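Visitor: Numbering (the working numbering) for the sequence shown: 583 to 936.
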Amino acid sequence: MTLSTPADPKAAKAGGLLPAGHPPVKAGKIGVMLVNLGTPDGTDFKPMWRYLREFLSDPRVIELNRAIWYPILYGLVLTRRPKTSGANYARIWNRERNESPLRTYTRAQGEKLAEALRDLPDVVVDWAMRYGNPSTASVAQGLVEKGCDRILSFPLYPQYSATTTATANDQLFRALMTMRAAPAIRSVPPYYAEPVYIEALARSIERHLATLDFEPEVVITSYHGIPKPYSDKGDPYQAHCLETTRLLREKLGWSENRLIITFQSRFGAQEWLQPYTDKTVEKLGRDGVTSIAIVNPGFSVDCIETLDEIGREAAETFHHAGGKNFAHIPCLNDSAEGMAVIEAMVRRELSGWV
Ligand SMILES: C=CC1=C(C)c2cc3[nH]c(cc4nc(cc5[nH]c(cc1n2)c(C)c5CCC(=O)O)C(CCC(=O)O)=C4C)c(C)c3C=C
Ligand SMILES: [Fe+2]
Ligand SMILES: [Fe+2]
């Protein structure tokens, strides 16, 4: 069959040259997909078990040999953790929507981004999770069905780690494996040093500190940790975190003693990146520091790790160690500063496609 160049290029995009009987070809749209980590569908044992099983079965997250890990996972972790973690999630649950804050904020980011990109009529925005719902596969499929033959995926992690960014990308490509007409893919790179991100963090910190009735002597930038061996083997995550904190310190004009870096959320027995957040908070309290604030630059939205582990646990640790004033600075979430970062990254990475 000879195909001739159509007078209307849009007709070619829509499959205008197809032989009779060929299924319609949907094309011409560009999907933008925000991807966050994932979260349980409920706080009861079953949904917690399902979420933790999917998360902790990911070999990017737990690198142990499966023959060693699965008996521990199924015999120890999944028999206890769904209950204890579920109780923590219950404390921060968004009861109005019956969902976790991570999902509420990620949805809000998606909706606000769609609004901000209204000048790009061929762009369709959606949001997905690496673990749980809405799944990466279902959202990618939905975008393709809407006519997206290109998808820009945005793993919402400012600092790259194989345990987060890489596995989000893996999951998207895994979804493409079952598609006959798979879209072209671009992925937003880590943005740990982007001026728009550093500026947003600095403005957000200043704005929240101005609302406090005390001035923190020390502000901690607390990042989710990873096991130290992952870092030693070449995961650039620690370097990205150190650079974000350095640039933030520079932007705020603060000293190395005023803005410090720690790592939180240890899991399992091995050593994780240090210094640990909980130990540091305890030491500051014991050393006579009376006022501190903690900010979580590595979390795009507030979640169990920021609201409960920092907002509740770290505050308790500090008070028990003798500290007086504690503040948790919210994540960028869907604030104007936060949306400026997401929009700037997306517009830049869409170049050549729109
Ligand atoms: C070995 C285990 C884990 C690694 C490695 C890990 C890396 C990592 N995680 C985040 C971001 C988040 N983690 C969250 C929750 C969470 N993380 C782990 C374990 C590892 N994370 C567990 C078991 C959980 C579930 C909660 C619990 O049971 O303690 C979340 C919050 C999700 C939510 O629903 O609110 C985020 C976000 C990063 C950035 C990271 C490595 C850089
Ligand atoms: Fe985690
Ligand atoms: Fe935690």
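Just so it is clear, CB atoms sit at the ideal spot from N, CA and C, and this is done for glycine as well.
No experiment lies behind these values; they were computed from the predicted model shown.
(1) Given this structure, state the Cα-to-Cα distance separating G835 from G880, to the nearest angstrom.
(2) Is the beta carbon of G920 within less than 8 angstroms of some heavy atom of ligand 1?
(3) Quick check on Y633: buried or exposed, where buried means 16 or more other Cβ atoms within 10 Å of its Cβ?
(4) Here's the rule: buried if 16 or more other CB atoms are within 10 angstroms of the residue's CB, otherwise exposed. What is L841?
(5) Pick helix, strand or coil for W631, following the three-state DSSP scheme.
(6) Where do the N-terminal and C-terminal ends of the beta strand (DSSP E) with V928 fall, by residue?
(7) In whole angstroms, what is the alpha-carbon distance linking F819 and L794?
(8) From the DSSP output, which residues share a beta bridge with C730?
(9) Beta carbon of V864, beta carbon of T888: below 9 angstroms?
(10) Name the two residues that bound the continuous alpha helix (DSSP H) containing L829.
(11) So what does DSSP say about R663, is it helix, strand or coil?
(12) Given that a residue counts as buried once 16 or more other Cβ atoms are within 10 Å of its Cβ, and exposed if not, what is D814?
(13) Does the beta carbon of S682 fall short of 8 angstroms from some heavy atom of ligand 2?
(14) Which of the three DSSP states is assigned to F845 in this structure?
(15) Roughly how many angstroms lie between the CA atoms of D590 and P629, to the nearest whole one?
(16) Short of 8 angstroms in beta carbon distance, which residues of its chain neighbour K728, apart from the five on each side in sequence? Order them along the chain.
(17) Flag this pair as yes or no: are the beta carbons of K694 and D916 separated by less than 9 angstroms?
(18) Please state whether DSSP places D752 in a helix, a strand or coil.
(19) Just how far apart, CA to CA, sit Q691 and A602?
(20) Quick check on the contact list: which residues have their beta carbon closer than 5 angstroms to a heavy atom of ligand 3?
Guide: Result, derived from the coordinates:
(1) 20 angstroms
(2) no
(3) buried
(4) buried
(5) helix
(6) Not the beta strand (DSSP E): V928 falls in the alpha helix (DSSP H), residues A918 to E931.
(7) The sequence given here has Tyr at residue 819, not Phe. Each residue's alpha carbon lies about 32 angstroms from the other.
(8) K611
(9) Before going further, note that residue 864 is Glu rather than Val in the sequence given. No, the pair does not count as a contact, with Cβ atoms beyond the cut-off.
(10) Y819 to L834
(11) helix
(12) exposed
(13) no
(14) strand
(15) The predicted model places D590 with a pLDDT of 39, which falls under 50 and marks its position as unreliable; any figure quoted below should be read in that light. Their Cα atoms are separated by approximately 51 angstroms.
(16) K608, K611, G613 and V706
(17) yes
(18) helix
(19) 42 angstroms
(20) S847, E887 and E891
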